[in-house]
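Protein chains in written order, with the working numbering: chain A, 2 to 1029; chain B, 136 to 570. Backbone N, C-alpha and C fix where the C-beta goes; we use that ideal spot for every residue, glycine too.
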Amino acid sequence: MSTNKVYWKSVAQLDKKNDLVQKLEQNEFVDKIPVDEFLGDEKTMGESNTNRRDFLKYVGFSTAAASLAACEGPVIKSVPYVVQPEQIIPGIANYYATAIADGFDFRSILIKTREGRPIKVENNNEAPVLGDANARVHASILSMYDIKRLQGPKADGEDIVWSDFFSQVGAKLKAMAASEKPIVLLTQTFSSPTTQSVIEKFIVQYPNVSHVVYDTLSSSKALDAFENIYGFRALADYDFSKAETIVSIGADFLGDWQGGGYDCGYAKSRVPKKLNGKSKMSYHIQFESNMTLSGANADNRIPTNPSNQKKVIAQIYARLKGISLSTDLSSDYKKTIDKVVARLKKSKSKAVLVSGIEDVAVQEVVLAINAYLGSEVIDTAQPRLIRQGSNEAVDELIEDMQKGKVKGLITAGVNPSFTLPNANAFTSALSKLELSVAFALKEDETAAAAQFVAATPHYLESWGDYQFKKGHYALAQPTIRPLFDTKQFQDIILSLIGSNNSFYQEIKSNWSDNLLNGNSWNKTLHDGFLSSNQAMEYDEVSFDVSSQIKHLSKVSAPAMSLVLYPKTGMGDGQQANNPWLQEFPDPISRVSWDNYLTVAASDAESLGLKNVNVSDGALNGSYASISVENKTIVAPVLIQPGQAKGTVGMAFGYGEKRGLQEEMQVGVNAYPFYNNFNSVQEVTIKPAEGYHEFACVQLHNTLMGRGDIIKETTLEVFNTKDKDYWNPIPKVSKNHMEYEVTSPEVDMWQAFDRSVGHHFNLSIDLNSCTGCGACVIACHAENNVPVVGKQEIRKSRDMHWLRIDRYYSSEETFGGDGMTKENISGLGDSLTTFGEMEKASENPQVAFQPVMCQHCNHAPCETVCPVAASSHGRQGQNHMAYNRCVGTRYCANNCPYKVRRFNWFLYNKNDEFDYHMNNDLGRMVLNPDVVVRSRGVMEKCSMCIQMTQKTILDAKLEGRQIKDGDFKCACSDACSSGAMVFGDINDKSSRVSDLKKDKRMYHLLESVGTKPNVMYQTKVRNTDETLK
Amino acid sequence: MSLSYTQIRFLIGFAQIRKICLFLAILSASFFAIPLQAQEADVQAGKKLFNSNCAACHKLNKKAVGPALKGVSAKYDREWLYSWIKNSSAMIKDGDPQAVAVWEEYNKVAMNAFPLLSNTDIDNILAYTDYIPPAPVASASSAQAIPVSSVSSTSNDLILAALALVFIMLVVMLFLVQKTLKRIAVASGVDVTPPVKEKRPPLWQVVAKNQFLIFLMVIGFLLSSAYFVYGYLMQIGIDQGYMPVQPIHYSHKIHSGANQIECKYCHSSARVSKHSGIPSLNVCMNCHKNIAEYNGEEDLDNGYTKDFYTKEIKKLYDAVGWDEDNQAYTGDTKPVKWVRIHNLPDFVYFNHAQHVQVGGVECQTCHGPVEEMEVMYQHSSLTMGWCINCHRETNVKVKDNGYYTKIHEELSKKYGVEKLTVAQMGGLECGKCHY
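Below, the structure written as structure tokens:
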């Protein structure tokens, strides 16, 4: 039946007389299509020789020609060596032991080179100290292939040749020495015996030169304290593997506190070990304001603002000594301190207390407490020498420069024009100097302001020797010829004093005269280190800290404190142009490509600061204006669970503009707030306009009580209850009967016999994983994982084959989450309670979980691939044939672990992704054994099949069986804490086959029945649940 | 017909006469050669001795490590030469002025002592170094081979030409016969105009009207074109037979075939690495320091004369920066840009050491008869099907390899076979070659 209803779009349409309406009804388009413009021109059209048919012919011909031309294979040239160096065989990797010492990171490492180009950093496992590379050290190899590096010396911004550089700088130096004008040599901490002797020679020749050491992130107060007590400027070293009780007050010792590198020893004490029938592990309590890696790994974490931290430490000292001391700490704190003191007293020499508060008094008290405990953990006889900077000397230098007392400045390895709090004043003083020379790797702020810029080589192109700690030396050797026209700082100094020796010759003669002590030079160079038990001897040491205690107990707290910190990925920011590090998600916040102000949820609420997830899930944060003294900066806000109330945190190392590619110029510079080189500052925060777009890779932060992802228990339960209680195998029902999910009865797959040959398994111990992220970067380097950039990360298109998930508890503990979930009844309750569980607690427990492809024996991805691009190998690896993949992404959808990564774009040789794979220099870091994936294919962790295959081939070539420990993958090899163990479970003597039988072992989402070849070890916490 | 037959007979007979003449010529030449050969007896012995003892450092006409030896007996006293060759360093020690002069001229490098050579041996060597080959007569025997073979090929051509002529003549004759017959018929009044046939539709129309036939033809056409298109597409990127011109004409036939040099002498990294490697030029110079000119067989058909090869050796010297006159490296090198022949795509991992060293596969299995290749080319298709096929058919070489003992025993028990193929060992898994 028809109706006479009229549908109308606007009221005007009902008016039949409206011209416009009538016109629009007649015409399809509102505006006339300008066909006349290009077809109506009779003259041009008439004169044109090309008619429609010709046009089609041309199109057809050119298409055919193009497609025919595309069928022609390219001519590939191969150029062999004229004289092949004996050590180099194409296709075989060479390893060299060397050391990094960039003023912030000091490590002994191995460098893997292929056909003469360094491609990967590996741990030097034989080195007794600092032989474990962190994420930044792993990434430092890419910083060598940085197109933004200085390619030659400069004078007044113009390129010059080295001979001119030497004659001009030499002439100025001589003139200034003759007129006794003071010059200051401002350098990073070298901790290098031979560099020290070179500088001394320089000062002998030019007595007007004085040497000042400047650490970008200062440890000066701790050095002062150590000097006050022991009479020697150094930092105490710690061996946490011996610790039973660890009390940390504001020290992120798993991060970069006092040079870092403590995670390896710490992890050893964290794995429960059977002793007299009972498992034991260390107890770690952390008082801190920002959420740090150390706090996240602690058994108890007490959010404490910096002034309360000082009171806590004074109180602990007083209670240990039995002195009465009154503080205004709350009763909760007093209870906590009681427990801490009891534990310290009980553990005695197995206890240690560390602090990161930059205060001489605090650091003296720390030394006094450890001495009182007789701690075996602290090592003062062989102290660390990797921080030498003095705040006073730097302050004095700046003052002298501004007053005109200093006439010349030579900087090496530092960028004070960016990293000083009063950088502008420094730079203007610098530009007025008679002589300014900057030794720099890239054209940073200081280099731009200096008259002369000496381009220095990367550490992988240089010689060097270091004393990391008393008695422990390291040697650095070049692993490639300098890529650019660069000269080492020490070589230039030697030339300037007219020495004919190169720095290499200096090192060699210095070592053979003073350090080798009969050891072979060649062997030491091969090993990369030389250790002896040479130790400091102290006379009577007195620890009178009573006045300090009184002073500390009375500090007043500002309303809001800013606590500055170095990020795990960026450190002090000297590698800011490194795309791997920019894209590396922070282990705690999981945000990449940014720094931000971390604020506690309650403070954010009262200040009106917000974090919101927009429609595609991406994270946005409101801006805040941050004022310290008279400086104000606007920065985005990230609400950080666990942040102590009344404190905010902000990371160094971002916001640099000079010497950085545009893509890397992200974040805000926190150095202007680093007044007096103190990372704690009084601050006022106000909300500012607008929202910032974060590139955060984890959008859901809590575990929601899901025990099948991270299994957690306490040491007490672990010791007293049965495995089925704290690590049960999930059950499924079949015909109303309950079966364990591992039972063949409920397996719908036919099992494949894997008992013959190798069967690879990877075990990840959640107890020893500190979340440091070295594995993430090692995986990047080994597997040519592309960098996709901030915008793509925001769209959840990150390509990391290995991610480290971080979970917060929404109750105070993960156990509490489980209880909450159990107690839910009914739909209404579940909706509200689950909603609440999405919010992390104010002071949550934190757990890290590295997740890569689980290499399921019953892989859901393999069955859904329409082209069989994903298939299973007999050795347990899930293979991905990229050349076969057509990009349906069914596999990614069917993967319960979400570890498959899709190449949405071509990430190499594509200007849209202008990172290292888009230039010839950056591509030199690529691993030639792993293909660079193209657009439109799925990729994922291969369990480093190129490495396992190499191990097998080596054994075949040598005609031998494979020993346990031969099989490695990039992540397990990079894991210095020993959390990742890789091996062959068919080798019954292997560590991994023991771990497979361990009662802590479980598989991720075991109930799915995928039978993964990656296993996890249940996290056991030594939590004291009575503490709050 | 009979004419052409006799013509052929004549031609064949001519050729036979030529052959007989040549045979006589050879006979007479060899007859004359007999006394010559007798005279050369010590020269031949000398040549042998020269090649085994002297050739490493001396050449006949050119300076090498030591001086050129052509006509050396004229320069020095025979007795002096005897003692010099037997022990030159003793003479230098004794301060023989001539000996010291030679020693100093050649950078004070003393010549090896040859105490085992007798005076007769030395006479023979000197006879060889003095010997000037009587070029015109001696070369007759080698020159004879050429006309014989060219006669036989000429006669073939002649036969073919004659046959063609016969056919043309036959056609002309038939035409003439028909014409004559027609004329006779006209003359005798026979009607030769063909009867008018009933007009039938042409074949194409018949075919066009039959729809079933068209259907079959279309199907056939589509199938056959699909076959050819598929064949064309499948060969894209497969460069079997790819034989590019290289910057230096390097002949595997000479090195690997005639001189029997082991493949892995030059391609040494094939033993240990994934790459077989193009040898670096210093490897070439191990031999070519002494081999400055080509003295082997020539292939005149392709223009590969001795001169041609010698020029290629000069190209090597130019690239590596070898100054022949001073026998020293100049340091001025020009790396050679070889055109790569075997190109596997990036997504394939192939390891030479695995196949050559572990598997014991002969290089020729994949690279073909390299020792016969004047110009190197890609012998195999290098497709995945080709790889897989070999993995299916080849047994793993497990003998004396400690790695395999356990796994082979267990796997062969499992599969119930005595010898395992690569495929049974897991050599067909995707991830073994694609990562």
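Taking 9 angstroms as the threshold, the shortest C-beta distance from glutamine 492(B) to chain A falls below it. With contacts defined as CB atoms closer than 9 angstroms, valine 698(A) and aspartate 799(A) qualify as a contacting pair. In this chain, the beta strand (DSSP E) harbouring leucine 476(A) covers 473-477.
DSSP places cysteine 970(A) in the coil class of the three-state scheme, outside both helix and strand. Straight-line measurement puts the Cα of histidine 477(B) at about 20 angstroms from the Cα of glutamate 397(B). With contact defined as three or more Cβ pairs closer than 8 angstroms, the segment 820-836 of chain A and the segment 791-806 of chain A are not in contact. By the neighbour-count definition (other C-beta atoms within 10 Å, threshold 16), tyrosine 365(B) is an exposed residue. If you ignore the 5 residues before and after valine 185(A), its C-beta comes within less than 6 angstroms of the C-beta of Ser211, Val213, Leu398, Val407 and Leu410, all in its own chain and listed in chain order. Under the DSSP definition of a beta bridge, tryptophan 457(B) partners with Tyr464(B). A distance below 7 angstroms between beta-carbons, with the five flanking residues on each side excluded, links alanine 140(A) to the following residues of its chain, in chain order: Gln576, Asn579, Trp581, Leu582 and Ile778. In the three-state reduction of the DSSP assignment, tyrosine 444(B) falls in the helix class.
Contacts between valine 887(A) and chain B, judged by CB atoms closer than 8 angstroms, are missing: the closest CB pair is about 14 angstroms apart. The C-alpha of proline 273(A) is placed about 16 angstroms away from the C-alpha of aspartate 723(A). The contact set of glutamine 962(A) on chain B, defined by CB atoms closer than 9 angstroms, consists of Gly537, Tyr538, Thr540 and Lys541 in chain order. Contact annotation for alanine 956(A) against chain B: Tyr538 [CB-CB distance below 7 angstroms, chain order].
Residues of the segment 79-108 of chain A with a C-beta atom less than 8 angstroms from some C-beta of chain B are Ser79, Val80, Pro81, Tyr82, Val83, Val84, Gln85, Ile90, Pro91, Gly92 and Ile93, listed in chain order. In this structure, the alpha-carbon of arginine 213(B) lies about 34 angstroms from that of lysine 441(B). Contact annotation for valine 455(B) against chain A: Val83 [CB-CB distance below 7 angstroms, chain order].
Taking a cut-off of 8 angstroms for Cβ pairs, the segment 417-434 of chain A and the segment 156-176 of chain A do not touch, as fewer than three such pairs fall below it. By the rule that beta-carbons nearer than 9 angstroms mark a contact, tyrosine 460(A) does not touch chain B. With a beta-carbon spacing of about 23 angstroms, leucine 1028(A) and threonine 599(A) fall beyond the 8 angstroms limit used to define contacts. Nearest CB-CB separation between asparagine 884(A) and chain B: below the 9 angstroms threshold. Beta-bridge analysis with DSSP links cysteine 773(A) to no other residue. In the DSSP assignment, glutamine 662(A) falls outside any alpha helix (DSSP H) and carries neither an H nor an E. Relative to alanine 860(A), the option among Thr1019(A), Met838(A), Glu1007(A) and Asp818(A) whose CA is nearest is Glu1007(A). If you draw a straight line from the Cα of asparagine 1023(A) to the Cα of phenylalanine 719(A), it comes to about 10 angstroms. The DSSP-derived three-state label of valine 301(B) is helix.
Not a single CB atom of chain A sits nearer than 9 angstroms to the CB of cysteine 525(B).
According to DSSP, threonine 99(A) shares a beta bridge with Ile110(A).
At least one beta carbon of chain B lies nearer than 9 angstroms to the beta carbon of glutamine 950(A).
By the Cβ neighbour-count rule, arginine 54(A) is exposed, with fewer than 16 other Cβ atoms within 10 Å of its own. Scanning its chain for C-beta atoms nearer than 8 angstroms, with the 5 sequence neighbours on each side dropped, one finds around cysteine 857(A) the residues Asn879, Thr1011, Lys1012, Pro1013 and Asn1014, in chain order. Residues Asn919 of the same chain have their beta carbon placed closer than 8 angstroms to that of aspartate 912(A), with the five preceding and five following residues left out of the count.
The C-beta of cysteine 422(B) has fewer than 16 other C-beta atoms within 10 Å across all chains shown, which makes the residue exposed. Contact check between the segment 901-916 of chain A and the segment 89-101 of chain A: fewer than three CB pairs, one atom from each, fall below 8 angstroms, which does not count as touching. Under the Cβ criterion of 9 angstroms, threonine 468(B) is counted among the residues facing chain A.
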